[in-house]
Amino acid sequence: MVIPAAIIKISPTVWELPPSYKAGMRVPARIFASEKLLREMDAGVFEQVSNVACLPGIVDYAFCMPDGHWGYGFPIGGTAAMDPETGVISPGGIGFDINCGMRLVLTTLTYDEVKPRLHELVDRLFYRIPAGVGCHGFVKISHEEFCRVLEQGSRWCLNNGYAWQEDLEMTEEGGCFAGADASVVSQRAIDRGYNQIGTLGSGNHYLEIQVAKPENIFDLGTARAFGITVPDQVVVMFHCGSRGFGHQVATDYLQTFLGVMERKYGIRVKDRELACAPFRSPEGQAYFAAMKCAVNMAFANRQVILHRIREVFAEIFLRSPEELGMRMVYDVAHNTAKLEQHTVNGKKRELLVHRKGATRAFGPGMAGLPGCYQETGQPVIIGGSMETGSYLLAGLASGNQSFYTTAHGSGRTMSRHQAKKQFRGEKLQRDMEARGIYVKSDSWGGLAEEAGPAYKNIDEVVAATELAGLSKRVVRLVPIGNVKG
Amino acid sequence: MPYKYLADIAVADVAFEASGATLEELFIAAADATMNVMVAELSTIQRLEEVRFAVEHPELEFLLFNFLNELIFFKDARRLLLRVESVTIATHPTLLTLEAIARGEPLDPARHAQLVDVKAVTLHHFRVEQNEGGWQATVILDI
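Listed below in structure tokens is the structure:
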């Protein structure tokens, strides 16, 4: 039991730490969770979300989502909106893996059609989409061309034959954060990342073949609007980010901010990983522009991977990706900061929203959503563990209580060290196959670390977001094949 | 092994404690601990290619932080797995400088049993301390 005694129950899924909880808190901290999920949270969540509440310029609340756990600076699941004129920007509110995110792709294939070819399909995806330690991609470009990727994101992919026009519309912000400036990223970041476009990476990054079973559809109308129309329809979900490039941008600016934060701006924070600078300062603006480069690199990375997935499906099923209906449902970013319009205390204002291990979940009718999702709200893609399942959700009008933000995954509950002691990769692969999930990985150790019991119960996390009014369940997707990074 | 992994500090990531009789030994141990997160058997890394690099910082902690970041940089930029063979640290009035010689080879999935990739060295609980036996560091790596 680590729940602070000061916590106040606002509702069955909203818990508040008041400003009196810790010296320096400028706003209360709110955690969205069922009581069970709250009890399972580690002490780091309470410590870190209340540290976030101390940051200059924070508006309304510091939030943590139901899948929250300890992170660096912000907890994973942390969300905070800053006044752009008086507030700060902090790499600790975005994470090292800038725009780590999820993409969901439809097919018109059913489970019965895919099942006989599943091994072949997963094996070929595994060989064609590089994954693992320091992996390099198949897109070979110069440093100069890479800088164009950083500034154009998915648009670069469209211009170079890796995207369909509609893919861009189905990507948050059209697959490109405007204002990215490659001149403010280090040569080191470029050297580290220019050859990693089209790579999954490692850890909790993966590509999954999933099935939408009729009994797992919660909202038939919204499921149809999202393209889930056939019983046992097969979809592809994948999770990856900006790779070494984004990690280097974060590392570079963490050090830049540590150098100026206190000396130049007189800002003191509770944790070095909360290093920050005023948003309007030269350093803050430079990081914002560099972060956007990493966001765009991640969009391009997922777009190029989608191109490869379409190629592989076409090769295996001898039909074009168009004939196979391989349209994107959506692409959501997890680790970003963005200027958005929100209403606070009845007044509309521009805010810098940090989301770290949290998903934007715009409600129906909001600007920024493609026309086809104006009535439904934004598709939200929540990845569960490779053994259990994942969710497609929709944003709600009541998401305004969290700056339209919801959970991003199931959240780890067991350490990697413990998981590796408790599970064996080879055995896990055999056990999963017996249950109808074929998984392929370059790393037995890495596979063991991602075992289902290492994560929170995804059903509980998603149910908590629905009960809190942050997002609603549309479809639960069950895995049948997995390429683990 | 002059390093051990800590189970309970970082649920989603990897924490380790490295030690050495001298600062140079500590840095080499921390380098091995970082590499061993990514590759199961360090003995499978053949010392075929030599890399020399230098880092500097006024503070010792950041000297180690920058040093470990170099290894992560080479892993991504050139897919090189490296064993650090020598470290030379010099103390100047306002600066610490470090020169390192490392040897290794590009990752070959057929010969190197991969574990998980390291994204970044974090500053969370990052510590370098002198004790009776020499030096000790605690590091958390983002996975």
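Chains as they are written, first to last, in the numbering used here: chain A, 812 to 1296; chain B, -3 to 139.
We put the beta carbon where it would ideally sit given N, CA and C, even for glycine.
Problem set entry | Coarse secondary structure for asparagine 1293 of chain A, derived from DSSP in three states | DSSP places asparagine 1293 of chain A within a strand segment (E or B) once states are collapsed to three.
Exercise. According to DSSP, is serine 1209 of chain A helix, strand or coil?
Worked result: If DSSP states are grouped into helix, strand and coil, serine 1209 of chain A belongs with the helices.
Exercise. For the stretch 76 to 90 of chain B, which residues have a beta carbon sitting closer than 7 angstroms to at least one beta carbon of chain A?
Worked result: Here the close residues number zero.
Exercise. Do you know offhand how far valine 1250 of chain A's Cα is from isoleucine 905 of chain A's?
Worked result: Each residue's Cα considered, the two are about 30 angstroms apart.
Exercise. When the cut-off is 7 angstroms and only beta carbons count, does glutamine 110 of chain B lie next to chain A?
Worked result: Closer than 7 angstroms to some Cβ of chain A, the Cβ of glutamine 110 of chain B qualifies, so yes.
Exercise. In chain order, which beta strand (DSSP E) runs of at least 3 residues are fully inside the stretch 27 to 54 of chain B?
Worked result: Runs found: 45 to 53.
For this session: Look at tyrosine 1005 of chain A and phenylalanine 957 of chain A and say whether their C-beta atoms are less than 7 angstroms apart.
Result: Against a cut-off of 7 angstroms, the Cβ pair of phenylalanine 957 of chain A and tyrosine 1005 of chain A comes out as a contact.
Exercise. Quick one: which chain B residues come within Cβ less than 8 angstroms of aspartate 1002 of chain A?
Worked result: Simply Phe69 and Ala73.
Problem set entry | Buried/exposed call for aspartate 4 of chain B, threshold 16 Cβ in 10 Å | That one is exposed.
Exercise. Are the beta-carbon atoms belonging to glycine 1222 of chain A and histidine 880 of chain A less than 7 angstroms from one another?
Worked result: Taking 7 angstroms as the Cβ cut-off, glycine 1222 of chain A and histidine 880 of chain A qualify as a contacting pair.
For this session: Note down, in chain order, every chain A residue with its Cβ under 7 angstroms from the Cβ of valine 47 of chain B.
Result: The contacting residues do not exist; valine 47 of chain B stays about 14 angstroms from chain A at best.
For this session: Determine which residues share a DSSP beta bridge with lysine 1167 of chain A and list them.
Result: Residue pairing for lysine 1167 of chain A: DSSP places it in a beta bridge opposite A:Gly889.
For this session: Starting from alanine 8 of chain B, find everything on chain A with Cβ-Cβ shorter than 9 angstroms and list it in chain order.
Result: For alanine 8 of chain B, the residues of chain A that pass the 9 angstroms Cβ criterion are His880, Trp881, Gly882, Ile887, Gly1014, Asn1015, Gly1222, Arg1223, Ser1226 and Arg1227, in the order they occur in the chain.
Exercise. So, does the CB of alanine 3 of chain B fall closer than 7 angstroms to a CB anywhere in chain A?
Worked result: Closer than 7 angstroms to some Cβ of chain A, the Cβ of alanine 3 of chain B qualifies, so yes.
Exercise. So the beta strand (DSSP E) serine 1252 of chain A belongs to, where does it begin and stop?
Worked result: Looking at the DSSP string, the run of the beta strand (DSSP E) that includes serine 1252 of chain A is 1249 to 1252.
For this session: Go to asparagine 970 of chain A, then tell me how far its alpha helix (DSSP H) extends in each direction, as first and last residue.
Result: Unbroken alpha helix (DSSP H) run through asparagine 970 of chain A: 965 to 970.
For this session: In the DSSP assignment, find the beta strand (DSSP E) that holds methionine 1139 of chain A and state where it starts and stops.
Result: If you look at methionine 1139 of chain A, you'll find it in the beta strand (DSSP E) that goes 1139 to 1144.
For this session: Report yes if the C-beta distance between asparagine 1107 of chain A and alanine 991 of chain A is below 7 angstroms; otherwise report no.
Result: Taking 7 angstroms as the Cβ cut-off, asparagine 1107 of chain A and alanine 991 of chain A qualify as a contacting pair.
For this session: Report yes if the C-beta distance between glutamine 132 of chain B and serine 15 of chain B is below 7 angstroms; otherwise report no.
Result: With a cutoff of 7 angstroms on beta-carbon distance, glutamine 132 of chain B and serine 15 of chain B are scored as near each other.
For this session: Please state whether DSSP places glutamate 1244 of chain A in a helix, a strand or coil.
Result: In this structure, glutamate 1244 of chain A counts as helix in the three-state DSSP scheme.
Exercise. Measuring CA to CA, which of B:Glu128, B:Ala96, B:Pro105 and B:Tyr(-1) is closest to glutamate 66 of chain B?
Worked result: Of the residues B:Glu128, B:Ala96, B:Pro105 and B:Tyr(-1), the one whose Cα lies closest to the Cα of glutamate 66 of chain B is B:Ala96.
Exercise. Within the 7 angstroms Cβ cut-off, does leucine 119 of chain B reach chain A?
Worked result: At a cut-off of 7 angstroms between beta-carbon atoms, leucine 119 of chain B makes contact with chain A.
Exercise. Listing by chain order, which chain B residues have their CB less than 8 angstroms from the CB of threonine 1062 of chain A?
Worked result: Listed along chain B are Asn65, Ala116 and Val117, each with a C-beta nearer than 8 angstroms to that of threonine 1062 of chain A.
Exercise. Going by the beta-carbon positions, is the gap between leucine 1011 of chain A and alanine 942 of chain A smaller than 7 angstroms?
Worked result: Result yes, Cβ atoms of leucine 1011 of chain A and alanine 942 of chain A sit closer than 7 angstroms.
Exercise. Considering only C-alpha positions, which residue in the set A:Ser1213, A:Trp1255, A:Glu827 and A:Lys847 is nearest to arginine 1166 of chain A?
Worked result: Of the residues A:Ser1213, A:Trp1255, A:Glu827 and A:Lys847, the one whose Cα lies closest to the Cα of arginine 1166 of chain A is A:Ser1213.
For this session: Step through the CB atoms of chain B and report whether any lies within less than 7 angstroms of the CB of glycine 943 of chain A.
Result: For glycine 943 of chain A, the nearest CB of chain B lies under 7 angstroms from its own CB, placing it at the interface with that chain.
Exercise. Are the CB atoms of valine 1115 of chain A and arginine 939 of chain A nearer to each other than 7 angstroms?
Worked result: With respect to the 7 angstroms criterion, valine 1115 of chain A and arginine 939 of chain A are not classified as neighbours on the basis of their beta carbons.
Problem set entry | Coil, strand or helix - tryptophan 975 of chain A by DSSP | DSSP places tryptophan 975 of chain A in coil when its eight states are reduced to three.
Problem set entry | alpha helix (DSSP H) runs wholly inside the stretch 825 to 903 of chain A, at least 4 long, in chain order | List check, alpha helix (DSSP H) in window: 846 to 851 and 854 to 863.
Exercise. In chain B, which residues lie less than 9 angstroms from serine 1196 of chain A when you measure between Cβ atoms?
Worked result: For the C-beta of serine 1196 of chain A, not a single chain B residue is nearer than 9 angstroms; the gap to the nearest is close to 13 angstroms.
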